[in-house]
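Engineer: Quick one: structure below, then a few questions.
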Amino acid sequence: MNKPGTRNLITDVEGIKIGNAEDPGAMSGVTVVVPDNAAVGGVDVRGGGPGTRETEALNPDCMVERVDAIVLSGGSVYGLEAASGAVMALAKQGRGFEAKGIHVPIVPAAILFDLANSGNKNWGDMPPYRQLGIDATENAGEDFPLGNVGAGYGAAAGKMKGGLGSASLVSDDGIQVGAVFAVNPVGSVIMPGTRHFWAWPFEQGEEFGGFGAPEFKKDMPLDMPVESRLAENTTIGVIATNITLTKSEAKRVAIMAHDGLARSIRPVHTPFDGDSIFVLSTEKEELAGPRPLGVARIGAMAADCVARSIARGVYNAKSLGGLPGFMS
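With full-length UniProt numbering applied, the sequence shown has no gaps in its numbers, which climb one by one up to 328 at the end.
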């Protein structure tokens, strides 16, 4: 049996910490996922408009085996600078491989577009993201709130406030899987004409309201959601597991985890989104039994955690910048 961990956060995975930092004036923020030790990494990018850093290094045929952190940031292309801040903060901690006395942390990153919200983006030649990356890395811990936090601070889900969501699952035989996502999609997370999340079948307890099954209509409208904000989008996130994975296996888990986006956002992976999912293996436990079956279990758990994280990110977001929160 799988059930949520103690926190129902990605930090239920042993060896994972999260740091968040926000700039309320700019209405944007940064989330940094920091493993206690360099972790095996993988990534799968499905959106048609991605903004990323060092994703190619995570390909199974490339040399890099482990990463020191993953950065999720608002700010579109400006937000990529948050990874530079994380690199500096980690280097000060002695993280990364050493070359002639200089520490070189490996920090892949992905960004979402929140430049069109009502925050003040008149930052001249010094956008705030480098400092936000430093701050988020330095305050990494095991507990963090959801909603208007970190990379989800300025996010929007259509005409509704988006946010940062997280969820976890732990199996009876010790497999730990967790997810954290910044939710800012073209598509809708809500079923047309209802208050029900697309992810409702996967809810654990009442983690996003406990509304139960919707009353299905005979002819549900299947047009593009009218609230879609084309070219102002992207949902990005990180999966973590305590199970030892190879880079190829991490990539497969990332591929399977995208099913969680399809279960919770409609439409998804559009030309306007930069949907990207990273996977981290903290290598605390070994798989028991046939490896392909074990990897499939982790991927299935990851997809469920993704769907729940998406709904939790929106459910916990409060009204901000003219965007109403779900509970408003």
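We treat Cβ as the ideally placed atom computed from N, Cα and C, and that holds for glycine. Note that the structure is a prediction, hence the values are computed from the model and not measured.
Counting along the chain, where does the alpha helix (DSSP H) carrying residue 329 start and finish?
Structural biologist: Since the first residue of the chain shown is 1 and the last is 328, residue 329 is not available in this structure.
Engineer: Below 8 angstroms between beta carbons: does that hold for Val32 and Gly41?
Structural biologist: no
Engineer: Output the distance between the C-alpha atoms of Met191 and Gly321, rounded to the nearest integer angstrom.
Structural biologist: 24 angstroms
Engineer: Considering Cα atoms alone, identify which of Pro221, Gly174, Pro324, Tyr153 is closest to Gly5.
Structural biologist: Gly174
Engineer: State buried or exposed for Asp223, treating a residue as buried only when at least 16 other CB atoms are found within 10 Å of its CB.
Structural biologist: In summary, Asp223 is exposed, with fewer than 16 beta-carbon neighbours lying within 10 Å of its beta-carbon over all protein chains present.
Engineer: Would you call the CB atoms of Val183 and Gly165 closer than 8 angstroms?
Structural biologist: yes
Engineer: If you measure between the beta carbons of Thr270 and Val186, is that distance less than 8 angstroms?
Structural biologist: yes
Engineer: For Asn120 versus Gly25, is the C-beta distance shorter than 8 angstroms?
Structural biologist: It is a contact, given that the beta carbons lie within the stated cut-off.
Engineer: Cβ of Lys275 within 8 angstroms of Cβ of Thr234?
Structural biologist: One point to set straight first is that residue 275 is Asp, not Lys, in the sequence displayed. In this structure, Thr234 lies closer than 8 angstroms to Asp275 by Cβ.
Engineer: For Ser168, is the classification buried or exposed, using 16 other Cβ atoms within 10 angstroms of its Cβ as the cut-off for buried?
Structural biologist: buried
Engineer: Starting from the Cα of Thr241, find the closest Cα among Leu323, Asp219, Leu261, Val279 and give me that residue.
Structural biologist: Val279
Engineer: Taking the CB atoms as reference points, tell me whether Ala69 and Thr11 lie closer together than 8 angstroms.
Structural biologist: no
Engineer: Three or more beta-carbon pairs under 8 angstroms between the segment 297 to 316 and the segment 103 to 110, yes or no?
Structural biologist: no
Engineer: Tell me whether Asp23 is buried or exposed, calling it buried when 16 or more other Cβ atoms sit within 10 Å of its Cβ.
Structural biologist: buried
Engineer: If you draw a straight line from the C-alpha of Pro225 to the C-alpha of Thr244, how long is it?
Structural biologist: So the alpha carbons of these two residues sit roughly 40 angstroms apart.
Engineer: Expressed to the nearest angstrom, what Euclidean distance is found between the alpha-carbon atoms of Arg130 and Pro60?
Structural biologist: Cα to Cα, the separation comes out at about 29 angstroms.
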